[in-house]
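*Asks:* If you're matching positions, the sequence shown starts at 5 in our numbering and goes up one per residue.
Note that beta-carbon positions come from the ideal geometry of N, C-alpha and C, so glycine has one too.
Quick one: structure below, then a few questions.
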Amino acid sequence: MVHAEDPKRRAAAHALTYVTDGMRLGLGTGSTARHFVELLAEKVHAGLNILGVPTSEQTLSQAVSLGVPIATLDEAGPLDLCIDGADEVGPGLALIKGGGGALLREKIVASAAREMVVIADSSKKVAVLGRFPLPIEVVDFGVASIERHVAEAVRKAGCEGPVKLRRDGDGHPFVTDQGHLILDAHLGRIPDPAALARAVEEVAGVVEHGLFLGLARRVVLAGTDGITVLEPGSF
Numbered sequence: 005m006v007h008a009e010d011p012k013r014r015a016a017a018h019a020l021t022y023v024t025d026g027m028r029l030g031l032g033t034g035s036t037a038r039h040f041v042e043l044l045a046e047k048v049h050a051g052l053n054i055l056g057v058p059t060s061e062q063t064l065s066q067a068v069s070l071g072v073p074i075a076t077l078d079e080a081g082p083l084d085l086c087i088d089g090a091d092e093v094g095p096g097l098a099l100i101k102g103g104g105g106a107l108l109r110e111k112i113v114a115s116a117a118r119e120m121v122v123i124a125d126s127s128k129k130v131a132v133l134g135r136f137p138l139p140i141e142v143v144d145f146g147v148a149s150i151e152r153h154v155a156e157a158v159r160k161a162g163c164e165g166p167v168k169l170r171r172d173g174d175g176h177p178f179v180t181d182q183g184h185l186i187l188d189a190h191l192g193r194i195p196d197p198a199a200l201a202r203a204v205e206e207v208a209g210v211v212e213h214g215l216f217l218g219l220a221r222r223v224v225l226a227g228t229d230g231i232t233v234l235e236p237g238s239f
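Put into structure tokens, the structure is as follows:
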């Protein structure tokens, strides 16, 4: 019987083959990235010399607990590689990320890396982005107004669906590591991710969105038939 975490761990193990001694690595957030940090820690204890930049407090805590050397992005400088998961992978390696709420730091770290490698199970590959709700990080001032303007921007970009404030298990607004809030756009499908990204970015109060466009250079997918590595022209 295949455990749900098995493909994630296999994708993480494959991504580890891209890591070489002396690299400065962006360490992603989420269930698949957690496997990568665990496997990376094993290599570190075996003598691998790397420096990791976590994309969330959650990943920071995990890395420290496992003995992975870490630094801030300012301390580490430009990164060689960023390894992170994704909620969806679409044509051209366009991504939806931020289901865990770490999209702002994830995008900053990915943008600082020479190469971003995404690790995921094969179910995350989709023909059209949008089945997974698009996270949009916003400031905590005038949230109702921001929400209305985001919904309008979404419609103008040719998408349809409710935009809702994310809440935690206790019903309180979910707060990111940077002290912001998250609006989730439940769109079903995003026919033009670039147009939607531009529209959302124009809304005052939006800090960042979970569309990662032009950042991933490689996607490692693990499924029942093994490992598949996608590049922008091979989707």
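Does the contact criterion of 3 or more C-beta pairs under 8 angstroms hold for the segment 50–64 versus the segment 11–29?
*Replies:* At 8 angstroms Cβ cutoff, the stretches touch.
*Asks:* Work out the CA separation of residue 169 and residue 144 for me, nearest whole Å.
*Replies:* In the sequence shown, residue 144 corresponds to position 140, counting from 1. In the sequence shown, residue 169 corresponds to position 165, counting from 1. One C-alpha to the other measures close to 11 angstroms.
*Asks:* With DSSP as the reference, label residue 19 as helix, strand or coil.
*Replies:* Against the sequence shown, residue 19 aligns to sequence position 15. Three-state DSSP puts residue 19 in a helix.
*Asks:* What are the boundary residues of the alpha helix (DSSP H) that includes residue 189?
*Replies:* Position 185 of the sequence shown holds residue 189. Note, residue 189: premise wrong, no alpha helix (DSSP H); beta strand (DSSP E) at 185–189.
*Asks:* Which one or two residues does DSSP pair with residue 245 in a beta bridge?
*Replies:* Since the first and last residues shown for the chain are 5 and 239, residue 245 lies out of range.
*Asks:* Alpha carbon to alpha carbon, what distance is there between residue 156 and residue 148?
*Replies:* Position 144 of the sequence shown, counted from the first residue, corresponds to residue 148. Position 152 of the sequence shown, counted from the first residue, corresponds to residue 156. Looking at the two C-alpha atoms, the distance is approximately 13 angstroms.
*Asks:* Measuring CB to CB, does residue 94 end up less than 8 angstroms from residue 122?
*Replies:* The sequence position of residue 94 within the sequence shown is 90, counting from 1. The sequence position of residue 122 within the sequence shown is 118, counting from 1. For residue 94 and residue 122, no; Cβs fall outside 8 angstroms.
*Asks:* Output the distance between the C-alpha atoms of residue 70 and residue 161, rounded to the nearest integer angstrom.
*Replies:* Locating residue 70 in the sequence shown gives position 66, where the first residue counts as 1. Locating residue 161 in the sequence shown gives position 157, where the first residue counts as 1. Near 44 angstroms, if we compare the C-alpha coordinates of residue 161 and residue 70.
*Asks:* Once DSSP output is grouped into helix, strand and coil, what is the label at residue 125?
*Replies:* Here the question's residue 125 lines up with position 121 in the sequence shown. In the structure shown, residue 125 sits in a strand (DSSP, three-state: E or B).
*Asks:* So, under 8 angstroms CB-CB, residue 57 and residue 113 are touching, yes? Tell me the CB distance rounded to an integer number of Å.
*Replies:* For the purposes of this step, residue 57 is identified with residue 53 of the sequence shown, where counting begins at 1. For the purposes of this step, residue 113 is identified with residue 109 of the sequence shown, where counting begins at 1. Residue 57 to residue 113, Cβ: 6 angstroms. Contact.
*Asks:* For residue 231, which residues of its own chain have a beta-carbon under 6 angstroms away from its beta-carbon, when the five flanking residues on both sides are left out?
*Replies:* In the sequence shown, residue 231 corresponds to position 227, counting from 1. Counting only Cβ-Cβ distances below 6 angstroms, and skipping sequence neighbours, we find 18.
*Asks:* Taking the continuous beta strand (DSSP E) assigned at residue 168, which residues delimit it?
*Replies:* Here the question's residue 168 lines up with position 164 in the sequence shown. Residue 168 -> beta strand (DSSP E) spans 167–169.
*Asks:* Once DSSP output is grouped into helix, strand and coil, what is the label at residue 133?
*Replies:* Your numbering for residue 133 matches position 129 in the sequence shown. The answer is coil: DSSP assigns residue 133 none of H, G, I, E or B.
*Asks:* Taking residue 179 as the reference, give the member of 166, 29, 102 with the closest Cα.
*Replies:* Start at 1 with the first residue of the sequence shown, and residue 179 comes out as number 175. Considering only alpha carbons, the answer is 102.
*Asks:* Determine the burial state of residue 109: buried for a count of at least 16 other Cβ atoms within 10 Å of its Cβ, exposed for fewer.
*Replies:* Position 105 of the sequence shown, counted from the start, is the residue given in the question as residue 109. So residue 109 counts as buried.
*Asks:* Assuming residue 187 contacts residue 167 under a Cβ cut-off of 8 angstroms, what Cβ separation, rounded to an integer in Å, is found between them?
*Replies:* On the sequence shown, residue 187 is found 183 positions in, with the first residue counted as 1. On the sequence shown, residue 167 is found 163 positions in, with the first residue counted as 1. Right, their Cβ atoms sit about 5 angstroms apart.
*Asks:* Would a C-beta distance cut-off of 8 angstroms place residue 119 and residue 85 closer than the cut-off?
*Replies:* Here the question's residue 119 lines up with position 115 in the sequence shown. Here the question's residue 85 lines up with position 81 in the sequence shown. Yes, the pair counts as a contact, with Cβ atoms nearer than the cut-off.
*Asks:* To which residues does DSSP link residue 74 through a beta bridge?
*Replies:* By 1-based counting over the sequence shown, the position of residue 74 is 70. For residue 74, which the question treats as bridged, DSSP gives the partners 56.
*Asks:* Apart from the five residues just before and just after residue 111, which ones in its own chain have a Cβ nearer than 7 angstroms to its Cβ?
*Replies:* The residue labelled residue 111 in the question sits at position 107 within the sequence shown. Result list for residue 111: 212, 216, in chain order.
*Asks:* So for residue 199, helix, strand or coil by DSSP?
*Replies:* For the purposes of this step, residue 199 is taken as the residue at position 195 of the sequence shown. It is helical.
*Asks:* For residue 118, does the three-state DSSP call read helix, strand or coil?
*Replies:* Within the sequence shown, numbered from 1, the residue matching residue 118 stands at position 114. Here residue 118 sits in coil by DSSP.
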